[in-house]
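Here's the structure we're looking at; comments come further down.
Residue numbers (our numbering), protein chains in the order written: chain A, 165 to 410; chain B, 5 to 300.
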């Protein structure tokens, strides 16, 4: 399993897509934090803490996970991958774990960077900065979300297999369906895999009042995310194990 | 026990019978040509052997074990399939490094196999810019990475230029000389004929012939005889009158299934003077066509 994990991480690092999406995640996260820290005139309540939730690693690692798995079919590399690692379930598990690890590491880098830059700007402007305990709290939540959605992306890619369809599905779900559902049926939306449950983990509703109580409790949200990942793993495993690679 | 054993292998895709009750061995130190027209079931057989498709019946094993059951399979079996693909954005060296990590091989092996296939200079180029021949070489480098005892190559000469084909022939021979069992599928018979020891011919998913190259070259009808005379037309009539089939070509006549002695006797009886008489094995192409005629 260790070899498979190392191989998947090496695969991840050796394409330009990875560098491009990592750069995009860092740039977008920094842009939001810098602009917010520079242009906001008043920070109240959890505003400073929530500023550092602007870690876009989750979105990009999920897309990387989708591309990393569905890309095996797009580039027809799945045959070689399975020849090198014939146990298909171990392969799928290794891929999920490696993208979860990559998501967590990437989130660590991005979150620490935006915390450093944001704190410097807030200090220079004379605002109160977040307490260390708040920063640590945000950090582990960001890392957890990035890790979970990285694994989920792999699962989605393994089930859908068509890379373009899978990416579009993730984007539509994350930016259209789940936000719309938050407006129409928040009790349902909070279980969503791309926005609802992750919002519960970080304890901040991106589509509502920061103090509202529609979100799942963090522990429950984590379990819901494991449920989504487990569901996609089971579906992907069934497709992988039962199917011929012709 | 042969390094590769296929016993009663059958594979059906819904209503299509791709492979039916196929059995053969691949021996160590020999190159076995796996021949058949397009759609004969060659790739399906190889994929069943490699655990990529599940047989409907029968077994395909390496030393008695299925591919999925092999411990560190890359150290035992190296395979290059017809549609072997690589991530276009990854360099050849990185592609091989990923496989090296997966199979617990040292990175030194990557450099060794790159050198073996002549890709060292191009190793840091992205595979998306590779020619077909370079991709084939990279596929072979990947197959050789674990220094396996068995090599399986599906249509390895596809897309290769003449120097590439010559290199491939030499590589196959070298691998067999080193004691490896080599199974190479092809529909390009002329290329296979120069590099294989044994031949397995299939059509419509079924075995049509197997044996040494010489055995299959002879085919069911045995040797043919090439003959030239001072009056080919008269000789042809005499041969046909004696019950032989006669084929005409630019060099004279070809009499399949007849020995030179038989042709000589007919010519003598007909009073035709011969200017040339020689046994001629059927070409592999002819044998192949005869064996697979109903599959065309």
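Idealized CB from N, CA, C, for every residue including glycine.
Query - Chain-order list of residues whose beta-carbon lies under 7 Å from that of residue 342(A) (same chain, five-residue window excluded) - result: Result list for residue 342(A): 353, 356, 358, 359, 360, in chain order.
Report task. Using 10 angstroms around the beta-carbon of residue 24(B), count the other beta-carbons present and answer buried if the total reaches 16, otherwise exposed. Result -> Residue 24(B) should be labelled buried.
Query raised in the report: Residues of chain B with a CB under 7 Å from the CB of residue 171(A): which are they?
Result: Those are 102, 105, 106, listed as they occur along chain B.
Query raised in the report: Taking the continuous alpha helix (DSSP H) assigned at residue 254(A), which residues delimit it?
Result: Annotation: the continuous alpha helix (DSSP H) that includes residue 254(A) extends over 252 to 288.
Report task. Please decide whether residue 269(A) counts as near chain B, where near means a Cβ-Cβ distance under 8 Å. Result -> By this cut-off, residue 269(A) is not an interface position.
Requested in this report: Kindly list, in the order they appear in chain A, the residues whose Cβ is closer than 8 Å to that of residue 77(B).
Outcome: Contact annotation for residue 77(B) against chain A: 247, 248, 250 [CB-CB distance below 8 Å, chain order].
Query raised in the report: With distances taken between CB atoms, is the gap from residue 60(B) to residue 204(B) smaller than 8 Å?
Result: No. Outside cutoff.
Query - Interface flag, residue 141(B) vs chain A, CB-CB below 8 Å - result: It does not: the Cβ of residue 141(B) has no partner Cβ on chain A nearer than 8 Å.
Query raised in the report: When you check each C-beta in the stretch 51 to 62 of chain B against every C-beta of chain A, which residues fall closer than 8 Å?
Result: So the close ones are 51, 54, 55, 56, 57, 58.
Query raised in the report: Which whole runs of the alpha helix (DSSP H) in the stretch 201 to 252 of chain B are 4 residues long or more, in chain order?
Result: DSSP assignment within the stretch 201 to 252 of chain B yields the following whole alpha helix (DSSP H) runs of 4 residues or more, N-terminal first: 217 to 222, 236 to 245.
Report task. State buried or exposed for residue 332(A), treating a residue as buried only when at least 16 other CB atoms are found within 10 Å of its CB. Result -> Exposed: under 16 other Cβ atoms inside 10 Å.
Report task. Look at the alpha carbon of residue 133(B) and the alpha carbon of residue 273(A), and state the distance between them as a whole number of angstroms. Result -> Within the model, the alpha-carbon separation for residue 133(B) versus residue 273(A) is close to 33 Å.
Query raised in the report: From the beta carbon of residue 170(B), is the nearest beta carbon of chain A less than 8 Å away?
Result: It does not: the Cβ of residue 170(B) has no partner Cβ on chain A nearer than 8 Å.
**Report entry** Beta-carbon proximity check, residue 323(A) vs residue 400(A), cutoff 8 Å
**Finding:** Cβ atoms of residue 323(A) and residue 400(A): closer than 8 Å.
Query raised in the report: Residues of chain A with a CB under 9 Å from the CB of residue 71(B): which are they?
Result: Residues of chain A passing the Cβ test: 247, 250.
Report task. Give a yes or no on whether 8 Å exceeds the smallest Cβ distance from residue 38(B) to chain A. Result -> Under the Cβ distance rule, residue 38(B) does not count among the residues neighbouring chain A, no pair being separated by less than 8 Å.
Query raised in the report: Which residues, in order along the stretch 173 to 187 of chain A, keep a beta-carbon less than 7 Å from a beta-carbon of chain B?
Result: Of all residues in the stretch 173 to 187 of chain A, only 174, 175, 178, 179, 180, 181 come within less than 7 Å of chain B when Cβ atoms are compared, listed by chain position.
Report task. Check whether the Cβ atoms of residue 403(A) and residue 253(A) lie closer than 8 Å to each other. Result -> Cβ distance not < 8 Å, so residue 403(A) and residue 253(A) don't count as in contact.
Query raised in the report: Rounded to whole angstroms, how far is the Cβ of residue 335(A) from the Cβ of residue 277(A), which I believe are closer than 8 Å?
Result: With a Cβ gap of about 25 Å, residue 335(A) and residue 277(A) do not count as contacting.
Report task. Look at the alpha carbon of residue 200(A) and the alpha carbon of residue 263(A), and state the distance between them as a whole number of angstroms. Result -> Computed Cα separation, rounded: 30 Å.
Report task. Compute the Euclidean distance between the alpha carbons of residue 224(B) and residue 230(B), then round it to the nearest angstrom. Result -> With a pLDDT of 48 at residue 224(B), under the threshold of 50, the modelled position of that residue is not reliable, and the figure given next carries that caveat. Cα atoms of residue 224(B) and residue 230(B): separation of roughly 18 Å, rounded to the nearest angstrom.
Report task. Indicate the three-state DSSP secondary structure (helix, strand or coil) for residue 69(B) in the structure shown. Result -> Residue 69(B) falls in the strand class under three-state DSSP.
Requested in this report: Drop a sphere of 10 angstroms on the beta-carbon of residue 195(B), count the other beta-carbons inside from all chains shown, and report buried for 16 or more, exposed for fewer.
Outcome: By the neighbour-count rule (16 or more Cβ atoms within 10 Å), residue 195(B) is buried.
**Report entry** Beta-carbon proximity of residue 160(B) to residue 84(B), cut-off 8 Å
**Finding:** For residue 160(B) and residue 84(B), yes; Cβs fall inside 8 Å.
Query raised in the report: Can you tell me the Cα-Cα spacing of residue 141(B) and residue 123(B), whole angstroms?
Result: Near 8 Å, if we compare the C-alpha coordinates of residue 123(B) and residue 141(B).
Query - Which of helix, strand or coil DSSP assigns to residue 165(B) - result: Residue 165(B) carries a coil assignment under DSSP once its states are collapsed to helix, strand and coil.
Query raised in the report: Which chain A residues sit within Cβ distance under 8 Å of residue 98(B)?
Result: Identification of chain A residues near residue 98(B) by a Cβ-Cβ cut-off of 8 Å yields 174, 178, ordered along the chain.
**Report entry** Cut-off 8 Å between Cβ atoms - residues of its own chain near residue 251(B), not counting five sequence neighbours on either side
**Finding:** Contacts found: 257, 258, 259, 260.
Report task. For residue 242(B), collect the residues of the same chain with a Cβ closer than 8 Å to its Cβ; drop the 5 residues on either side in sequence, then sort them by chain order. Result -> Result list for residue 242(B): 270, 271, 273, 274, 276, in chain order.
Query raised in the report: In terms of residues, what are the limits of the alpha helix (DSSP H) holding residue 25(B)?
Result: First-last for residue 25(B): 20 to 30, but that is the beta strand (DSSP E), not the alpha helix (DSSP H).
Query - C-alpha distance - residue 157(B) paired with residue 388(A), whole-angstrom precision - result: Here the alpha carbons of residue 388(A) and residue 157(B) stand approximately 46 Å from one another.
Query raised in the report: What's the call for residue 182(B), buried or exposed, on a 16-neighbour Cβ count within 10 Å?
Result: An exposed status is given to residue 182(B), since fewer than 16 other beta-carbon atoms sit within 10 Å of its beta-carbon.
**Report entry** Option in 182(A), 305(A), 178(A) with minimal Cα separation from residue 229(A)
**Finding:** With distances taken between CA atoms, residue 229(A) lies nearest to 182(A) out of 182(A), 305(A), 178(A).
Report task. Please check the pair residue 3(B) and residue 41(B), which I expect to be a contact at CB under 8 Å, by giving their CB distance rounded to whole angstroms. Result -> Absent from the structure is residue 3(B), since the part of chain B shown begins at 5 and ends at 300.
Report task. Kindly list, in the order they appear in chain B, the residues whose Cβ is closer than 9 Å to that of residue 323(A). Result -> The premise fails here: residue 323(A) is roughly 20 Å from chain B at the closest Cβ pair, so nothing lies under 9 Å.
Report task. Check each candidate in 163(B), 153(B), 125(B) and name the one with the smallest Cα separation from residue 139(B). Result -> Ranking 163(B), 153(B), 125(B) by Cα distance to residue 139(B) puts 163(B) first.
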